[in-house]
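Keeping their order, the protein sequence lines are chains Y and S.
1116 is the number of the first residue of the first sequence in our numbering; add one for each residue after it.
52 is the number of the first residue of the second sequence in our numbering; add one for each residue after it.
The beta carbon of each residue, even a glycine, is placed where N, CA and C say it ideally should be.
Only a predicted model underlies this, so the values are computations on that prediction, with no experimental measurement involved.
Just below is one structure, and these are the notes that go with it.
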Amino acid sequence: MKRIPIDKAVPGQVLAEKLTRHDGVLLAGQGAEITEGLLRMLVRLNIDTVVIEEDESRTTQEVMDDFQKKVDDLEARFVRVAESPVLMALKKTMLYMAQRERDETLALMEKPPAVVEAHEEVPGAAGTEA
Amino acid sequence: MANQQQQQVQDRLQVKREVRKIKNLPTVPGIVAKISRMVENPETSAAEVGRLISQDQVLSAKVLRMANSAFFGMSRKISSISQALVILGFEVVKGLVLTSSVFDMIQKSMAGLWEHSIGCAAASGAVATLLGRDDAEEILVAGLLHDLGKVVLALNLPEEMRLIMAKVSSGDVLFYEAENQLLDFDHSELGQWLAEHWNLPESLAEPMRLHHRPEKAVLKPECTAIVHIADIIIRAKGFGNAGDMLVPPISMAAWEMLGLRKTDFLPILETLEPKLASLCDITSIS
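What follows is the structure, given as structure tokens:
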């Protein structure tokens, strides 16, 4: 599932979470389809985001591209702190989580992907690091 | 090259002259001052403070929305300010009132700074909870307000802010390094100034002043150290924008004082991730 701003929502998308007004009143249940009428109501009620079911047409290639972008972004952000073992452990943990998310996404898509790398070890999991 | 250096020196002198212009810090939101006075009086009851805050309906709605957000992960809905006071405590509610009052200022000052602030707050809460701190909510509020100095900078010295942002985007320079190079001071000192001016408690003031140098903290060293680590974690996630997109150096003194281990990153990040997704909701309070 994915949270998107209201102006990106279109009729036909399916709600992955129930939708409530700011004061908690239920507007639409989980699994309901977004309609023109619902969108107009949400705009009127100043609801800014909705959680929709992920578009199932995402290709393996797109999942791999998203993952690669995450890796590149991580490399760029950590460029100044390569000497710090603690911060490198943080980076490695984030990389591990990105890989795990990618693999879970790929597993949910029915066609098995061509390449699935093994999980990296979680840093320090063996208890040898401080 | 010489010309460029000359230009830099000139920019710097210009900026130093401009700093004197910050004479008027934003005034402390009236309601925060009132609450502070009320809380100092031991006779004051939660119901009285609750009534004062509830008089401002817009403010109360904002505070309740934050109290019910993923920040605190309450199992039951907090439906009134007096209930929030009982469950979260005076200091936390005061922090939320302060945050709600300066929310527009934060949002106007810098794109992405509000998201960075709530992200740092959630990360502070996650680290504090992992460490088993019973003041996790207060530390979370310190994370929320740690970069208020940047708001003062952006609102009072827009031209200098433009120069700093230009310097940051030209290379691998951290925001506070660019500030120090151009201004000879940075947002943490502006934060300290504001905290003194507003008479904020040390649990908020010291992290504002020392989140880049937590080893210097004496009054609230652990709270300051947690906000320092949380700031690093949220920058590493790339959530929001604190001015630059780099992970800053870590203070090993702070890390060791807290007794954190490298294996703690995974549970911290796993707690944080779902919170960040649902906190998108409170980024839209207006």
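*In the DSSP assignment, what are the bridge partners of Y/K1117?*
The residue you call residue 1117 of chain Y lines up with position 2 of the first sequence. Looking at the DSSP assignment, Y/K1117 forms a beta bridge with Y/I1167.
*asked:* Beta carbons nearer than 8 Å to chain Y: which residues of the segment 156–183 of chain S have them?
replied: none
*Counting along the chain, where does the beta strand (DSSP E) carrying S/L311 start and finish?*
On the second sequence, residue 311 of chain S is found 260 positions in, with the first residue counted as 1. Unbroken run through S/L311: none, as it is neither H nor E.
*Output the distance between the C-alpha atoms of Y/E1219 and S/E266, rounded to the nearest integer angstrom.*
Position 104 of the first sequence holds residue 1219 of chain Y. Position 215 of the second sequence holds residue 266 of chain S. One C-alpha to the other measures close to 40 Å.
*If we count the other Cβ atoms within 10 Å of its Cβ and call it buried at 16 or more, is S/A256 buried or exposed?*
As a first step, residue 256 of chain S must be located in the second sequence, where it is residue number 205. Flag for S/A256 reads buried.
*Around the C-beta of S/D235, are 16 or more other C-beta atoms found within 10 angstroms, so that it is buried, or is it exposed?*
Reading the second sequence from its first residue, position 184 is the one you call residue 235 of chain S. Exposed is the call here.
*Outcome for Y/R1215 when other beta-carbon atoms lying within 10 angstroms are tallied against a minimum of 16*: As a position in the first sequence, residue 1215 of chain Y is number 100, starting the count at 1. Exposed, by the Cβ-count rule.
*Kindly indicate the opening and closing residues of the beta strand (DSSP E) around Y/L1141.*
Position 26 of the first sequence holds residue 1141 of chain Y. Here the beta strand (DSSP E) through Y/L1141 covers 1141–1143.
*For chain S, find out if any of its Cβ atoms is closer than 9 Å to the Cβ of Y/K1133; answer yes or no.*
Along the first sequence, one-based indexing puts residue 1133 of chain Y at 18. No, because no Cβ of chain S sits closer than 9 Å to the Cβ of Y/K1133.
*Can we say the segment 263–277 of chain S touches the segment 97–112 of chain S, given the rule of at least three CB pairs closer than 8 Å?*
no
*Pull up the CB-CB distance for S/I169 and S/L195, whole angstroms please, since I reckon it's below 8 Å.*
Translated into the one-based positions of the second sequence, residue 169 of chain S becomes position 118. Translated into the one-based positions of the second sequence, residue 195 of chain S becomes position 144. That belief holds up - the Cβ atoms of S/I169 and S/L195 are roughly 7 Å apart, short of 8 Å.
*asked:* Tell me which residues share the same chain as S/I319 and place their Cβ nearer than 8 Å to its Cβ, disregarding the 5 neighbours each side in the sequence.
replied: Counting from one through the second sequence, the residue named residue 319 of chain S turns up at place 268. For S/I319, where only same-chain residues beyond five positions count, the Cβ hits under 8 Å are A174, A177, V178, L181, I284.
*What residues from chain S crowd round Y/F1193, counting only those whose CB sits closer than 9 Å?*
What you label residue 1193 of chain Y is simply residue 78 of the first sequence in a count that begins at 1. Result: A287, L297, V298.
*Does any residue of chain S bring its CB to less than 9 Å from the CB of Y/L1189?*
In the first sequence, the residue the question calls residue 1189 of chain Y occupies position 74. Cβ-Cβ to chain S under 9 Å: yes for Y/L1189.
*Option in Y/L1157, Y/R1136, Y/K1133 with minimal Cα separation from Y/V1125*: Locating residue 1125 of chain Y in the first sequence gives position 10, where the first residue counts as 1. Of the candidates Y/L1157, Y/R1136, Y/K1133, the one whose C-alpha sits nearest the C-alpha of Y/V1125 is Y/L1157.
_My output table needs one value for Y/T1174: the three-state DSSP class, helix, strand or coil._
On the first sequence, residue 1174 of chain Y is found 59 positions in, with the first residue counted as 1. Coil at Y/T1174, not helix or strand.
_Burial state of Y/V1194 (16 or more Cβ within 10 Å)_ = In the first sequence, counting from the first residue as 1, residue 1194 of chain Y sits at position 79. By the neighbour-count rule (16 or more Cβ atoms within 10 Å), Y/V1194 is not buried but exposed.
*State buried or exposed for S/D295, treating a residue as buried only when at least 16 other CB atoms are found within 10 Å of its CB.*
Translated into the one-based positions of the second sequence, residue 295 of chain S becomes position 244. It is buried - the Cβ of S/D295 has at least 16 other Cβ atoms within 10 Å.
*Use the C-beta contact count for Y/L1223: other C-beta atoms within 10 angstroms, 16 or more gives buried, fewer gives exposed.*
For the purposes of this step, residue 1223 of chain Y is taken as the residue at position 108 of the first sequence. It is exposed - the Cβ of Y/L1223 has fewer than 16 other Cβ atoms within 10 Å.
*Determine the burial state of S/T150: buried for a count of at least 16 other Cβ atoms within 10 Å of its Cβ, exposed for fewer.*
Residue mapping note: residue 150 of chain S aligns to position 99 of the second sequence, counting from 1. Burial call: buried.
*Does the beta carbon of S/K201 come closer than 9 Å to any beta carbon on chain Y?*
Within the second sequence, the letter at position 150 stands for residue 201 of chain S. Not an interface residue.
*Report buried or exposed for Y/Q1128, applying the criterion of at least 16 other Cβ atoms within 10 angstroms of its Cβ.*
As a working mapping, residue 1128 of chain Y is identified with position 13 in the first sequence. When all chains shown are included, Y/Q1128 counts as buried.
*Taking all protein chains shown into account, decide if S/E303 is buried (16 or more other Cβ within 10 angstroms of its Cβ) or exposed.*
Here residue 303 of chain S corresponds to residue number 252 of the second sequence, with the count starting at 1. It should be pointed out that residue 303 of chain S corresponds to Met in this sequence rather than to Glu. Exposed.
*asked:* Within a Cβ cutoff of 6 Å, which residues of the same chain sit near S/V202, ignoring the five residues on either side of it in sequence?
replied: Sequence index remark: in the second sequence, residue 202 of chain S carries index 151 (1-based). Excluding residues within five positions, the ones whose Cβ falls inside 6 Å are M156, I157, S160.
*If we cut at 9 Å on Cβ distances, does Y/Q1145 have a partner in chain S?*
Looking up residue 1145 of chain Y in the first sequence gives position 30. For Y/Q1145, the answer is no, since every Cβ of chain S falls outside 9 Å of its Cβ.
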